[in-house]
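For reference, the structure discussed in these notes is given below.
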Amino acid sequence: MSTSSSYAGVFDPAWWQFNMLPSRTLHRSHWFAYAAGPAVAAIDARPEHAEVWHRHWSRHILRTLGLWERPAVREAAGAGWLVEHGSAELQLLARRAGAVLAAPRLRRCVSGTVVRALAAALGEDLYALTLLGDAAPHPGLAGAAFERPEAALEQIDTLGWGALHLALQQEDDPLRMRMALRLPADACGPAGLSVADALALAKALDVREIRS
């Protein structure tokens, strides 16, 4: 990858890995598209050589996407704070966003049995987000009431990942395309949610103590 001045400002561990080693945080849904098989097999067989294989695999990913000479620049990134989130943190943020967006549908559930099952399935923190009402960072998206907790959880994940995907759409290609590798391959912005609202929602629900 080029070491030109366009790479200035990104030499910290999180941004270096983000630019140079996307394979390390690649969502499993992208593995087939980027020929993960040989690399994963080699890493599993010889863990001591994992770094070498991640470099080969990452170079393949970046060249496939036309990003090998195009690093993401921290100073130009409005959603750059997401780069420093680990996979678990991104998943939590997606679930929090999804819970807020699905809140109107969850509140329409009238069966006490279903409501209790939903509360148990979501967990205390996520369920609390669905009860914020006017205090919520977004009013949520309309839709039919959920009849099964499993359907609610699936939709919350779909909405949340879709919101994060949408929040990145105004970013330059080097950042947007690299971040997309960390989201499910089928993530798609929910109808009725704007890019600006998606980004504002993600920022409002971010629970990291330090965000750059």
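Going by the numbering used here, the first residue of the sequence shown is number 358, and it counts up by one from there.
Where is the CB? At the ideal position from N, CA and C, for every residue including glycine.
Asked: Rounded straight-line distance, which links the Cα of G480 to that of R464; Found: 16 Å
Asked: CA-to-CA distance, A434 to R565, given in whole angstroms; Found: 18 Å
Asked: Where H442 sits in the DSSP three-state scheme; Found: coil
Asked: CA-to-CA distance, W518 to A390, given in whole angstroms; Found: 19 Å
Asked: Sequence-distant residues of its chain with Cβ nearer than 8 Å to I449 (five each side left out); Found: According to the sequence provided, residue 449 is Leu. The question's Ile does not apply to it. Contacts found: V564.
Asked: S380 burial status per 10 Å Cβ neighbour count (16 or more: buried); Found: buried
Asked: Spatial neighbours of A451 in its chain, beta-carbon cut-off 6 Å, leaving aside the 5 residues before and after; Found: G517, W518, L521
Asked: Check: K560 C-beta below 7 Å from any heavy atom of the ligand ADP; Found: Within the structure as shown, the ligand ADP is missing, as the structure has no ligands at all.
Asked: Collapsed DSSP secondary structure at H411 in the structure displayed; Found: helix
Asked: Anticipated Cβ contact below 8 Å, V457 with L556, distance rounded; Found: Contact flag wrong, Cβ pair sits at about 14 Å.
Asked: Proximity of A478 and P506 at Cβ, strictly below 8 Å; Found: yes
Asked: Helix, strand or coil at Q526 according to DSSP, with G and I counted as helix; Found: coil
Asked: Stretch pair the region 528 to 541 + the region 494 to 505: three plus CB contacts closer than 8 Å; Found: no
Asked: Reduced DSSP category for L550 - H, G, I as helix; E, B as strand; rest coil; Found: coil
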